[in-house]
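Take the numbering used here: the last position of the sequence shown gets the number 285, and nothing is skipped along the way. C-beta atoms are modelled at their ideal positions from N, C-alpha and C, and glycine is treated no differently. Computed from a predicted model, the values in this text were never measured in an experiment.
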Amino acid sequence: MRDPACQASLGGGTPVGRELAAFGLELEREGAAQVGGSFSGDPEADRLIEDSPEAFLIGMLFTQGIPAERAWRGPWLLRERLGHLDLGRLADEADEVRAAFQRTPMLHRFKNTLPGWVTSAARILLEEYDGRADAIWEGGPHVLEVTERLSAFPGIGRKKAVMAVEILVRHFGVQLEGRECGQVAYDVQVRRVFLRSGLVERDTLAEVEAAAARECPQAPGRLDLAAWLIGRETCRPRAPRCDECRLRDVCPRRTWLGVEGVGARQSIARRTSPESSLG
Ligand code: SF4
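Here is the structure:
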């Protein structure tokens with residue numbers, strides 16, 4: 007049954023939007039990380055993400071084109087191979103970082119792209135943030151400011167930046183100004199759920215963001231993990247499991263619709279693009 011306090015704080019919107027916002031608020035109250043309340047499902051790897059803002063930032067770099075659990079395990083595996091996650095060494099020892107990624111089993115399918123992102127992130131943190139990733143959000147700046155700062159890292163960009171902001175608020179309890187300016191990530195799972203549930207008529211960034219702001223004006227980003235989990239677990243690209251879905255009683259079930267383009271299921275040849283979405 008829905009938490010009455012959730013309902014009271016949800017405001018207007020459509021039945022689908024209210025249900026999604028209720029789910030998002032529940033996840034926020036649980037302090038959910040990403041999948042099943044954790045990042046990677048591996049306690050040691052999760053502990054590193056929890057204890058090290060720099061590892062969290064590196065984890066964001068990994069969240070690209072591979073399942074989320076595997077991505078969040080990346081920083082721990084990288085540290086195991088290198089013996090450190092020292093920013094100075096990550097910045098200066100690019101060849102070693104590259105070699106760590108290219109050893110088998112591979113740390114990431116984009117073994118040629120990730121090393122450069124890690125090295126660049128270390129350099130930016132050293133040069134602009136005094137060697138501390140938490141300096142990016144220290145002092146509770148505005149959501150848009152943090153989004154912009156994170157987007158400036160090669161390999162993060164807007165989609166991951168808005169996702170990171172939500173994780174910072176929801177899981178790490180970081181207090182940021184302007185929650186009403188947060189957003190959902192334009193991710194393939196989110197897009198599919200918004201489209202099939204009728205929150206949008208067209209799968210465009212502008213429509214998805216407008217729908218999130220309309221349905222949850224006090225914190226549009228609250229819908230992010232809720233929609234992402236539904237997309238991943240029940241609103242599958244093929245054979246959606248509507249009867250098990252959180253939105254089953256309110257969704258028009260437009261299951262014939264699917265997303266195309268960035269992040270969508272593509273031919274094997276095209277799936278090697280580093281633009282593919284997190285699974
Ligand atoms: S699985 Fe079915 S009920 Fe759930 S969001 Fe997708 S179309 Fe709607």
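Contact test: residue i Cβ vs the ligand SF4 heavy atom, cutoff 7 angstroms
i: Thr20; result: no
i: Arg254; result: yes
i: Pro243; result: no
i: Arg238; result: no
i: Arg87; result: no
i: Val190; result: no
i: Arg247; result: yes
i: Arg24; result: no
i: Ser361; result: For the chain, the structure presents residues 7 to 285; residue 361 sits outside this window and is missing.
i: Val196; result: no
i: Gln214; result: The sequence shown places Val at residue 214, rather than the Gln named in the question. Flag unset: Cβ of Val214 not near the ligand SF4.
i: Val265; result: no
i: Cys251; result: yes
i: Arg259; result: yes
First through last residue of the alpha helix (DSSP H) which encompasses residue i
i: Phe29; result: Pro21 to Glu36
i: Leu174; result: Gly163 to Arg176
i: Pro195; result: For clarity, residue 195 is Gln in the given sequence; the question names Pro instead. Segment Val194 to Arg202, the alpha helix (DSSP H) holding Gln195.
i: Pro147; result: Taken as a continuous stretch (DSSP letters only), Pro147 belongs to no alpha helix (DSSP H), as it is neither H nor E.
i: Trp234; result: Arg228 to Glu239
i: Leu205; result: From DSSP, Leu205 is part of no alpha helix (DSSP H); its letter is neither H nor E.
i: Arg129; result: Leu120 to Glu134
Integer-rounded CB distance, given that residue j should sit under 8 angstroms from residue i
i: Ala5; j: Leu201; result: Beyond the ends of the chain as shown, which are 7 and 285, falls residue 5; an answer cannot be given.
i: Ala355; j: Leu156; result: Lying outside 7 to 285, the shown extent of the chain, residue 355 is not represented and no answer is given.
i: Val190; j: Ala218; result: 5 angstroms
i: Leu33; j: Arg176; result: 7 angstroms
i: Leu229; j: Leu26; result: 5 angstroms
i: Arg260; j: Cys248; result: The Cβ separation is near 10 angstroms, so there is no contact.
With 16 other Cβ atoms within 10 Å as the buried cut-off, status of residue i
i: Ala210; result: Looking at the sequence shown, residue 210 is not Ala but Thr. By the 10 Å Cβ count, Thr210 comes out exposed.
i: Trp78; result: buried
i: His90; result: exposed
i: Pro223; result: exposed
i: His148; result: exposed
i: Arg198; result: buried
i: Pro121; result: buried
i: Gln108; result: exposed
i: Val22; result: buried
i: Arg277; result: With a pLDDT of only 37 at Arg277, under the threshold of 50, the placement of this residue in the model should not be trusted; the figure read from the coordinates follows. So Arg277 ends up on the exposed side.
i: Ala105; result: exposed
i: Trp123; result: buried
i: Gly227; result: buried
i: Trp234; result: buried
i: Glu172; result: buried
i: Thr110; result: exposed
i: Ala158; result: exposed
i: Arg24; result: buried
i: Trp82; result: buried
Residue i Cβ short of 7 angstroms to the ligand GDP heavy atom set
i: Cys222; result: For the ligand GDP, the structure offers nothing, since it holds only the ligand SF4.
Completely contained alpha helix (DSSP H) runs for the region 31–118, where each covers 4 or more residues: DSSP runs (the alpha helix (DSSP H)) wholly in the region 31–118: 49–57, 59–68, 74–88, 93–98 and 100–108.
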